[in-house]
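Asks: Supplied in structure tokens, the structure appears directly below.
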Amino acid sequence: VPMGGNKDAYEITNPADVYLAQLKRDSNVRTEARKRGDMEVANAPFADFGVKAIGNILGEDLIARRREQLAQNGGEFETSRDEMIIPYAYEEDTRESNDTGISYRQKLEEMKKKRAGRN
Numbered sequence: 001v002p003m004g005g006n007k008d009a010y011e012i013t014n015p016a017d018v019y020l021a022q023l024k025r026d027s028n029v030r031t032e033a034r035k036r037g038d039m040e041v042a043n044a045p046f047a048d049f050g051v052k053a054i055g056n057i058l059g060e061d062l063i064a065r066r067r068e069q070l071a072q073n074g075g076e077f078e079t080s081r082d083e084m085i086i087p088y089a090y091e092e093d094t095r096e097s098n099d100t101g102i103s104y105r106q107k108l109e110e111m112k113k114k115r116a117g118r119n
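Each residue of the sequence shown is one higher than the last, beginning at 1 in my numbering.
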């Protein structure tokens with residue numbers, strides 16, 4: 001972990017993190033293989049041993065243990081609708097109109113009238 005960096009960005013804590021780590025590793029392996037001219041490895045997605053090994057980081061027992069810890073700590077964070085901040089849900093529109101410029105609809109109507117008057 002780099003100094004001052006976000007340590008959470010380097011931790012694998014859920015299946016999505018595992019997949020992203022595998023994807024990153026696979027991309028690096030295949031790019032390097034392509035640079036070396038090894039097209040067999042470059043065209044084999046998720047075939048590298050390291051990519052497969054990352055998939056075994058989160059075992060079923062670890063996932064079960066984390067779920068138990070979550071249940072003991074009161075479950076996941078939940079927000080009721082009353083606690084949510086819903087912008088503009090109960091307010092009237094107090095914004096002032098920005099009609100400082102030309103109305104192109106009005107301009108178009110004027111042009112149509114002018115053209116109709118010429119014919």
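Think of the CB as a built atom: it goes at the ideal place given N, C-alpha and C, for glycine as much as any other residue.
In this text, all values refer to a predicted model and were calculated from it rather than measured experimentally.
Could you pull the start and end residues of the alpha helix (DSSP H) that residue 62 belongs to?
Replies: Here residue 62 refers to the residue found at position 62 of the sequence shown. 60–72 is the span of the alpha helix (DSSP H), which, as asked, contains residue 62.
Asks: When the distance is taken between beta carbons, is residue 30 closer than 7 Å to residue 42?
Replies: Walking along the sequence shown from the start, residue 42 turns up at place 42. Walking along the sequence shown from the start, residue 30 turns up at place 30. For residue 42 and residue 30, yes; Cβs fall inside 7 Å.
Asks: If you check the beta carbons only, do residue 46 and residue 17 fall under 7 Å apart?
Replies: As a working mapping, residue 46 is identified with position 46 in the sequence shown. As a working mapping, residue 17 is identified with position 17 in the sequence shown. The answer is no: Cβ separation not under 7 Å.
Asks: In three-state DSSP terms, what is residue 28?
Replies: Your numbering for residue 28 matches position 28 in the sequence shown. Reduced to three states, the DSSP call for residue 28 is helix.
Asks: Measure the alpha-carbon distance for residue 107 versus residue 118 and round it to whole angstroms.
Replies: In the sequence shown, the residue the question calls residue 107 occupies position 107. In the sequence shown, the residue the question calls residue 118 occupies position 118. Rounded to whole angstroms, residue 107 to residue 118 spans 17 Å at the Cα level.
Asks: From residue 23 to residue 10, what does the alpha carbon distance come to, in whole angstroms?
Replies: The count along the sequence shown starts at 1 and reaches residue 23 at position 23. The count along the sequence shown starts at 1 and reaches residue 10 at position 10. Going from the Cα of residue 23 to the Cα of residue 10 covers about 14 Å.
Asks: Using a threshold of 7 Å, state whether the C-beta atoms of residue 12 and residue 57 are closer than that.
Replies: Counting from 1 along the sequence shown, the entry for residue 12 is found at position 12. Counting from 1 along the sequence shown, the entry for residue 57 is found at position 57. Cβ distance < 7 Å, so residue 12 and residue 57 count as in contact.
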